[in-house]
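Residue numbers (our numbering): 109 to 332.
This is the structure:
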């Protein structure tokens with residue numbers, strides 16, 4: 109996971125600070141770790157047989173050590189440990205090969221304690237509502253209500269594809285599935301199905317949403 113995260117840092121735009129969140133996923137590391145686990149397990153079993161013994165991989169899920177389950181579990185979070193990593197919903201969902209995903213949210217370290225008005229809704233006497241959106245278009249790395257995500261994958265023919273979305277994080281910072289932000293592949297192939305399933309297994313959310321004492325968003329949707 110350290111190599112995965114080190115690789116992902118290059119994609120962060122703007123200044124890094126404690127108010128911002130980000131995540132990166134490269135499925136090459138998933139498959140490399142699965143191969144390594146299989147090789148180590150086979151080697152340990154072979155040594156055990158030579159000494160008339162047995163070896164089995166511990167049931168980490170039964171022991172509650174979900175963070176040791178597989179590569180995906182590092183980004184899925186541990187129900188027994190307060191963690192900011194809940195980007196993967198189900199660690200058992202297999203990713204496509206040669207797949208990359210990146211997400212970042214904005215934030216301004218100098219704006220702590222301030223409130224940012226993102227929209228205002230006025231209820232009129234005739235029953236209609238007038239909504240004024242104060243957010244700007246495009247991703248702003250200093251704006252805590254802004255998010256950006258992209259995916260890159262290779263199809264069966266070896267063609268590389270990339271999709272990107274810039275979006276608004278609501279005032280509560282609630283998670284949003286990547287499959288709702290990007291247009292999944294409509295091809296009727298096994299790899300396309302694998303891609304769509306994994307996009308639905310990833311989510312984006314505002315910094316601090318999963319902390320024990322959730323950090324209140326500085327964004328304000330005013331309703332009058």
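Beta carbons are placed, not taken as given, at the ideal position from N, Cα and C, and that holds for glycine.
message: Starting from residue 124, trace the alpha helix (DSSP H) in both directions and tell me its first and last residue.
response: DSSP places residue 124 in no alpha helix (DSSP H); its state is neither H nor E.
message: Distance cutoff 9 Å, beta carbons only. Does residue 133 sit that close to anything in chain C?
response: Absent from the structure is chain C; it holds one protein chain and no more.
query: Which same chain residues, not among the five before or five after residue 121, have their C-beta less than 8 Å away from its C-beta?
result: Only 212, 247, 249 and 256 meet the Cβ criterion.
task: Figure out for me which residue from 230, 114, 202 and 196 has the closest Cα to the Cα of residue 286.
output: 196
query: Taking the alpha helix (DSSP H) that residue 196 falls in, what are its first and last residues?
result: Where residue 196 is concerned, there is no enclosing alpha helix (DSSP H), given that its DSSP letter is neither H nor E.
task: Could you tell me which of 260, 276 and 164 sits nearest to residue 306, measuring between CA atoms?
output: 260
field: residue 160 to residue 139 span [Cα, whole Å]
entry: 31 Å
query: Quick one: what's got a C-beta closer than 6 Å to residue 132's C-beta in the same chain, skipping five residues either side?
result: 116 and 210
message: By DSSP's criteria, residue 285 is part of a beta bridge. Which residues make up the other side?
response: 311
message: Cutting at 6 Å between CB atoms, please list the residues of its own chain near residue 183, excluding the five before and the five after it.
response: 193, 195 and 196
field: Per-residue burial, residue 190 [other beta carbons within 10 Å of its own, 16 or more giving buried]
entry: Confidence at residue 190 is low in this model, with a pLDDT of 44, below 50, so its placement is unreliable and the value that follows should be read with caution. By the 10 Å Cβ count, residue 190 comes out exposed.
message: For the pair the segment 293-308 and the segment 196-208, tell me if three or more CB-CB distances fall below 8 Å.
response: yes
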